[in-house]
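Asks: Count along the sequence shown from 1, add 1272, and you get the number used in our numbering. The beta carbon of each residue, even a glycine, is placed where N, CA and C say it ideally should be. Please read these numbers as outputs of a predicted model, since none were measured by experiment. Attaching a single structure in structure tokens format; questions to follow.
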Amino acid sequence: MFLGVDGGGTKTAFCLIDSAGTIRARALGEGAYYFADNATGGVDHVVRVLEQGIGAVTKAAGITPADIDHAFLGLPGYGEVPGDVAALDAAPGRVLGHQRYASDNDMICGWAGSLGAVDGINVISGTGSMTYGERQGHGVRTGGWSELFSDEGSAYWIAARALNVFSRMSDGRLPEGPLAELLRRHLELASDLEVIDVVLNRWEGHRSEIASLTPLVVEAAAAGDTEAAAILTEAGRELALLVDGARRRLGFSPDETVLVSYSGGVFRSARVLDAFTTALKSSAAEYELRQPLFEPVVGAAIYAAKLAGTPLGTEALATLRSSSNITTTEDSHDDA
1273 MFLGVDGGGT KTAFCLIDSA GTIRARALGE GAYYFADNAT GGVDHVVRVL
1323 EQGIGAVTKA AGITPADIDH AFLGLPGYGE VPGDVAALDA APGRVLGHQR
1373 YASDNDMICG WAGSLGAVDG INVISGTGSM TYGERQGHGV RTGGWSELFS
1423 DEGSAYWIAA RALNVFSRMS DGRLPEGPLA ELLRRHLELA SDLEVIDVVL
1473 NRWEGHRSEI ASLTPLVVEA AAAGDTEAAA ILTEAGRELA LLVDGARRRL
1523 GFSPDETVLV SYSGGVFRSA RVLDAFTTAL KSSAAEYELR QPLFEPVVGA
1573 AIYAAKLAGT PLGTEALATL RSSSNITTTE DSHDDA
């Protein structure tokens, strides 16, 4: 029995599978982002989330944590504060009661799910953005340097640029398009300057609140707003650059075909996905873009089996594929 855990800022998913590729149980818990915008209790919060979720999923499967052969836990923020890694590594053991597990950043769940844990690169764009790829057992991350100076192509990045465009439209530095009125109505602004109070004071600059404006950018682009459309197109190109960086660092040779997939809510935008696809096709590198095979939490369970030295075979993966409801736009790495 293999346990996959896909941690996120708003929710944490749990999935148990067996060696035949049957999903034995699922559970959903609260977010495990231990240094979120609002205090959540640090690593102890992660332990509480794992206790509740592992308790629920093992109960549903009629087993105990001792029956789990191996687990992989993708935790948001893992590795970004070196001093916390040891505590995060130890947290699952406090719940499982054994050491048959591995922990790492939740970006690995997206890669393992989208590509079935085979060599290649997955790009994630939710609230934040990053890529993770593997080649011959070597893993590389690109992006995810925080919203203050990175996270290109993410929902936060898109929304922050939209707010800049709004300010320019209000000033007359840009012709006003549909985006301006959509933001005014959504934010219920008495005056355009009130956007400062909303974002900086009421929202306290929280990235999740800012990122939530991205659907308005998509709506504005569909209504003919050229500035909104340009933001989404540039987002797709930036995400392709993350893939290019990962490919180079992984050492793929020019004649190797690199499998690429994607996950995260930003890819709901056809304009972003089209720009991303076009950029990859125009690259000198040989990319093969694939739709995600599995959702991230199932990918985590597949990776657990691989780490245990008993990777799922072709037949088991086919069984899993037929029973898994793929969620390509899951908020994977909404904490990138």
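Note the first and the last residue of the continuous alpha helix (DSSP H) segment covering D1361.
Replies: The sequence position of residue 1361 within the sequence shown is 89, counting from 1. Element bounds for D1361: 1357 to 1368.
Asks: If you count every other CB in all the chains shown that lies within 10 Å of the CB of V1544, and 16 or more means buried, which is it?
Replies: The count along the sequence shown starts at 1 and reaches residue 1544 at position 272. The residue is buried, with at least 16 neighbouring Cβ atoms inside 10 Å.
Asks: Leaving aside the five residues before and after A1492 along the sequence, list all residues of the same chain whose C-beta is less than 7 Å from its C-beta, in chain order.
Replies: In the sequence shown, the residue the question calls residue 1492 occupies position 220. By the criterion of a C-beta distance shorter than 7 Å, A1492 is surrounded in its chain by G1449, P1450, L1451, L1454, A1500, once the five residues flanking it on both sides are discounted.
Asks: Under a three-way DSSP split, which group does Y1305 fall into?
Replies: Within the sequence shown, residue 1305 is the residue found at index 33, counting from 1. If DSSP states are grouped into helix, strand and coil, Y1305 belongs with coil.
Asks: Okay, do the segment 1408 to 1418 and the segment 1432 to 1441 touch, 3+ Cβ pairs below 8 Å being the bar?
Replies: no
Asks: For L1625, does the count of other Cβ atoms within 10 angstroms reach 16, so buried, or fall short, so exposed?
Replies: The question about residue 1625 has no answer here: the residues shown for the chain are numbered 1273 through 1608.
Asks: Distance, Cα to Cα, D1309 vs E1481?
Replies: As a working note, residue 1309 is residue 37 in the sequence shown. As a working note, residue 1481 is residue 209 in the sequence shown. The pLDDT assigned to D1309 is 48, lower than 50, so where the model puts this residue is not dependable, and the model offers no usable value.
Asks: Hey, could you find the ends of the alpha helix (DSSP H) S1422 is sitting in?
Replies: For this step, residue 1422 is matched to residue 150 along the sequence shown. Segment: none, S1422 is in no alpha helix (DSSP H) and carries neither H nor E.
Asks: Tell me the DSSP secondary structure of T1529 in three-state form.
Replies: By 1-based counting over the sequence shown, the position of residue 1529 is 257. Strand.
Asks: How many angstroms separate the CA atom of G1416 from the CA atom of P1348?
Replies: One-based indexing of the sequence shown puts residue 1416 at position 144. One-based indexing of the sequence shown puts residue 1348 at position 76. Each residue's alpha carbon lies about 11 Å from the other.
Asks: Counting only beta-carbon atoms, is S1463 nearer than 8 Å to chain D?
Replies: The chain inventory of the structure shown lacks chain D, comprising one protein chain alone.
Asks: Closest by CA to F1274, which one among E1323, A1338, D1316, F1307?
Replies: In the sequence shown, residue 1274 corresponds to position 2, counting from 1. Minimum Cα distance to F1274 is reached at A1338.
Asks: Confirm the yes/no value for this check: CB of I1468, any heavy atom of the ligand COA, distance under 7 Å.
Replies: Because no ligand of any kind appears in the structure shown, any question about the ligand COA cannot be addressed here.
Asks: Would you identify the three-state DSSP class for T1282, choosing helix, strand or coil?
Replies: The count along the sequence shown starts at 1 and reaches residue 1282 at position 10. Reduced to three states, the DSSP call for T1282 is coil.
Asks: Taking the alpha carbon of T1486 as the reference point, which residue from G1303, I1503, V1470, T1330 has its own alpha carbon closest?
Replies: The residue labelled residue 1486 in the question sits at position 214 within the sequence shown. Comparing Cα-Cα distances from T1486 to each of G1303, I1503, V1470, T1330, the minimum goes to I1503.
Asks: In the structure shown, what three-state DSSP assignment does N1310 receive?
Replies: In the sequence shown, counting from the first residue as 1, residue 1310 sits at position 38. Its pLDDT being 45, under 50, N1310 is placed unreliably in this model, and the coordinates cannot settle the point.
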